[in-house]
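Chemist: Just so you know, we're using my numbering here: the sequence shown kicks off at 67 and counts up by one. Glycine included, each C-beta is placed from N, C-alpha and C at the ideal position.
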Amino acid sequence: MGALPVFRWRLAPDGYATRRQLRAQGLRPGGQDVAAQLERPRRRGPLVAYLYRIDQAKPVRPMTPARWAALAKANAARRTCPECRRDAGYVIPSSLGICVPCADAPTPIAA
Ligand SMILES: [Zn+2]
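1) For alanine 115, is the classification buried or exposed, using 16 other Cβ atoms within 10 angstroms of its Cβ as the cut-off for buried?
2) By a C-beta neighbour count over all protein chains shown, 10 Å radius and 16 as the cutoff for buried, is proline 95 buried or exposed?
3) Just to confirm, is the Cβ distance from leucine 93 to lysine 124 under 8 Å?
4) So, is leucine 104 buried or exposed, given that buried needs 16 or more other C-beta atoms within 10 angstroms?
5) Quick one: residues in its chain with C-beta nearer than 7 Å to the C-beta of proline 71, no 5 flanking neighbours on either side, listed in chain order?
6) Is it buried or exposed, leucine 88, if we count other Cβ atoms within 10 angstroms and call 16 or more buried?
7) For alanine 90, does the count of other Cβ atoms within 10 angstroms reach 16, so buried, or fall short, so exposed?
8) Taking 7 Å as the cut-off, is the beta-carbon of isoleucine 120 closer than that to any non-hydrogen atom of ligand 1?
9) Could you tell me whether the Cβ atoms of alanine 69 and leucine 117 are closer together than 8 Å?
10) Where are the beta strand (DSSP E) runs, 3 residues long or more, that stay fully inside the stretch 112–140, in chain order?
11) Hey, would you say isoleucine 39 sits closer than 8 Å to cysteine 147, going by beta carbons?
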């Protein structure tokens, strides 16, 4: 393995993430070598973090029924109109913030 590219702290290029950042996305390095490193200068020597390529990362673990259920629930929440509390069947557009029928309604339906 040759010399690693070194980036300044917080200036990591797109497509790279630390192990912790991968984890936050439900990913793990997946056996790949460290692709680059971040260094934050400190008096007693730089603080180093290792970066992995996101495109070569693997899911932490296969999806289980519980994980699918959690994902479905999260998606359902994104499809639920805060105005009428119905599942709109599509993700509520952030530009509207409510479902299209509610946005088109002349006055909000009283709860
Ligand atoms: Zn609605």
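Modeler: With the given structure in hand:
1) By the 10 Å Cβ count, alanine 115 comes out buried.
2) Under the 10 Å beta carbon count, proline 95 is surrounded by 16 or more other beta carbons and is classified as buried.
3) Yes.
4) Buried: at least 16 other Cβ atoms inside 10 Å.
5) Excluding residues within five positions, the ones whose Cβ falls inside 7 Å are Ala102.
6) When all chains shown are included, leucine 88 counts as buried.
7) Flag for alanine 90 reads exposed.
8) Ligand 1 has no heavy atom closer than 7 Å to the beta-carbon of isoleucine 120.
9) No, the pair does not count as a contact, with Cβ atoms beyond the cut-off.
10) The stretch 112–140 contains these whole beta strand (DSSP E) runs: 113–119.
11) Beyond the ends of the chain as shown, which are 67 and 177, falls residue 39; an answer cannot be given.
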